[in-house]
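**Student:** Note that the protein sequences, when read in sequence, are chains A and B.
The numbering of the first sequence is the working numbering, which starts it at 1 and goes up by one.
The numbering of the second sequence is the working numbering, which starts it at 304 and goes up by one.
C-beta: ideal position from N, C-alpha, C; glycine also.
Remember, predicted model here, so these are calculated numbers, not experimental data.
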Amino acid sequence: MAPCIRHSVSVLTFPLHEDSLCTSSVSVSVRLAAGLSLLGISCLLLSDHATAVHSMRETGLPAAVELPALEQRMRILKEQNEVAELQAALSTGSAQEMLDVYALPSGTGSVRALAQLDVVFTILEQRNDLLEVSAVSVGTRVDGPEQTTVLPLSFTAHMTREGWKRFVLFTNLSGLMTVGDTIDDVAFVDLLSLTEQENPATVAALEQFFSVDLLRYAQESRAFDNALLKSFSSESALQSVRAFLDSPRLQSMRDLLNPLVPTLRASRLWPLQFMQIQEVSQHLRDDGTLDVTVTVGAYGRTN
Amino acid sequence: MSDTNIQTRPFDSTQDDAQSLSAILARVANPLLLFSSSLCLLLFLSWMFLLPKFTGVQRPDGVSMTPRGIAAYTQKLSADLADAQEHRTTLVRAVDDEGYRALVDARTKTFSSLDIERELRLTAARLSEEDGTIVFSSITVKGVQVAVEGDVRNVGTRSLTILAAFIDSLGGLSFISNLQRPAFARETLPDGSMHSPFRFSFDLPAS
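This is the structure in structure tokens:
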């Protein structure tokens, strides 16, 4: 029996034969290599465990917390899109055609733009807001943004401050056709988000409201407002919708357009051509009235 | 007292270092193999069965995913949500012409001379002077360039100080850039009162 290392406490003993140290050196190498390899694999597995736990904490858990709400929102949006598609298919008339023909007409004519200015001057004169106005000079059509052309129309007027406010609002409303056009993207998305918290099908009511002709809305705003409010039930949603309906922008738009309805209908100027104030110089008179020199751009599509 | 009894093979002093190293390695080989194989086996079993169980996330439809998988899935869902939201906006808006929307948005963001006058009046009011102290007689807007003319009056010799304070406070307004300060002067009117006329210009943010 070869000498061996023996530990009386130890359970395992490893007898080592002196000769075997030489003869089994290959076997020892194999065992060592196998041991080290397995140790390496263990390290890799340990690292994978650590990575998995870290990944779970850093990305998995936050994503898992977020997931149910996202999936629920996705379900609601799909439902709403189906309702909205159905509603869009049922709606008659093409707003796009109205846009191409009236709001951003192609061609080089200036008749509609001049007629629009004539209407607003007439209304302001009737209200004693326009005290004097020069002839309107028509400039040369120039290229505008978004594949448009711009026809500059310039005039000088003496008007009250209220009259000037009304003129600016009228210009800012020109080219808008539906209630939805008067709302900026942020308010639009906020209102749509309300429908997600309510019955998702209320998106149809909102879609219907947004597609109402602006002039018709100015004439019968109360009826349309009530119809919209009836679609919402929760107090918070109703408050938000009321706040939107009572917003100064919508209020001033109703106030301006309401008295203009008969004139605009009779003169067949609705929808108005898109206009924007290009240049303005306002001078205050001692009596508080204003002398304004304005250049308004009337927009049209390039042919 | 230790009951440890260690019997060692007599060490031959003539053995070279290589042999002693071989002996050490021979003694270590088996425990190392046993330890590493056990550890590897346990970790492999854990990797196969425990790790997916404790680090897997189950989707509401029952599909189990890895943390990375669930993060990628959430990201994709968020992108799909944005698309669906945009599609809904397109459907709900009666007119969804990009060029038209861009024109309307640009016009909404444009400052009118009335907006500018209101902001200037508010700034003047913050100086706590009486209404009518700072008068804006002319406002000219050409694109993003604005020129303002006016007068500081009815405050005696303080007109210049008030004008300077007003111009300084204009610098804090977010929509004003490239402010060209006026020439500060105090003049005497035929009735003997003092006033400080001004003319300054600035640029509006491009819409």
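Quick check on Leu269 (chain A): buried or exposed, where buried means 16 or more other Cβ atoms within 10 Å of its Cβ?
**Tutor:** So Leu269 (chain A) ends up on the buried side.
**Student:** Along chain B, which residues have their Cβ under 7 Å away from the Cβ of Asp181 (chain A)?
**Tutor:** Chain B residues near Asp181 (chain A): Val398, Val407.
**Student:** What in chain A is Cβ-close to Arg391 (chain B), meaning under 8 Å?
**Tutor:** Simply Leu77, Gln80, Asn81, Ala84, Leu192, Val203.
**Student:** Give a yes or no on whether 7 Å exceeds the smallest Cβ distance from Leu38 (chain A) to chain B.
**Tutor:** True, the Cβ-Cβ gap to chain B drops below 7 Å.
**Student:** Should Lys165 (chain A) be counted as a contact of the ligand ZN given a C-beta to heavy atom distance under 6 Å?
**Tutor:** The ligand ZN is not part of the structure shown, which contains no ligands of any sort.
**Student:** Since Ile479 (chain B) sits in a beta bridge, which residues does DSSP pair it with?
**Tutor:** The partner list for Ile479 (chain B) (beta bridge, DSSP) is empty, contrary to what the question assumes.
**Student:** Could I get the ranges of all uninterrupted alpha helix (DSSP H) runs contained in the stretch 68-102 of chain A, with 4 residues as the minimum, in chain order?
**Tutor:** Whole alpha helix (DSSP H) segments, 4+ residues: 95-98.
**Student:** For Gly300 (chain A), write down the residues that DSSP places opposite it in a beta bridge.
**Tutor:** BP columns for Gly300 (chain A) point to A:Thr149.
**Student:** Please classify Phe347 (chain B): does DSSP put it in a helix, a strand, or coil?
**Tutor:** Phe347 (chain B): helix per DSSP, three-state reduction.
**Student:** Who are the neighbours of Gln388 (chain B) on chain A, taking C-beta pairs under 7 Å?
**Tutor:** Ordered by position in chain A, the residues that pass the 7 Å Cβ test against Gln388 (chain B) are Leu77.
**Student:** Tell me whether Arg31 (chain A) is buried or exposed, calling it buried when 16 or more other Cβ atoms sit within 10 Å of its Cβ.
**Tutor:** Buried.
**Student:** Count Cβ pairs between the stretch 229-247 of chain A and the stretch 401-420 of chain B that sit closer than 8 Å; are there 3 or more?
**Tutor:** No, they do not touch.
**Student:** Do the stretch 209-223 of chain A and the stretch 138-149 of chain A touch if we need at least three Cβ pairs shorter than 8 Å?
**Tutor:** Flag = no, the stretch 209-223 of chain A and the stretch 138-149 of chain A do not touch.
**Student:** In whole angstroms, what is the alpha-carbon distance linking Ser27 (chain A) and Thr358 (chain B)?
**Tutor:** So the alpha carbons of these two residues sit roughly 40 Å apart.
**Student:** Considering Cα atoms alone, identify which of B:Phe439, B:Leu344, B:Ile465 is closest to Ser487 (chain B).
**Tutor:** Here residue 487 (chain B) turns out to be Phe, not Ser, going by the sequence shown. Ranking the options by Cα distance to Phe487 (chain B), first place goes to B:Ile465.
**Student:** Using a cut-off of 8 Å between C-beta atoms, extract the partners of Thr436 (chain B) located in chain A.
**Tutor:** Within chain A, no residue comes near Thr436 (chain B); the closest Cβ sits about 15 Å away, beyond 8 Å.
**Student:** Quick check: the Cα distance between Asp184 (chain A) and Thr411 (chain B), rounded to an integer number of angstroms?
**Tutor:** Whole-angstrom Cα-Cα distance: 8 Å.
**Student:** So is Pro485 (chain B) buried or exposed if we call it buried at 16+ other beta carbons inside 10 Å?
**Tutor:** Buried, because 16 or more other Cβ atoms sit within 10 Å of the Cβ of Pro485 (chain B).
**Student:** Since I believe Ala450 (chain B) is in contact with Ser504 (chain B) (beta carbons under 8 Å), could you give me their beta-carbon distance rounded to a whole number of angstroms?
**Tutor:** With a Cβ gap of about 4 Å, Ser504 (chain B) and Ala450 (chain B) count as contacting.
**Student:** What's the gap between the Cα of Ala135 (chain A) and the Cα of Gln278 (chain A)?
**Tutor:** Roughly 18 Å separates the two Cα atoms.
**Student:** Ala397 (chain B) and Thr195 (chain A): beta carbons closer than 7 Å?
**Tutor:** Not a contact, by the Cβ cut-off of 7 Å.
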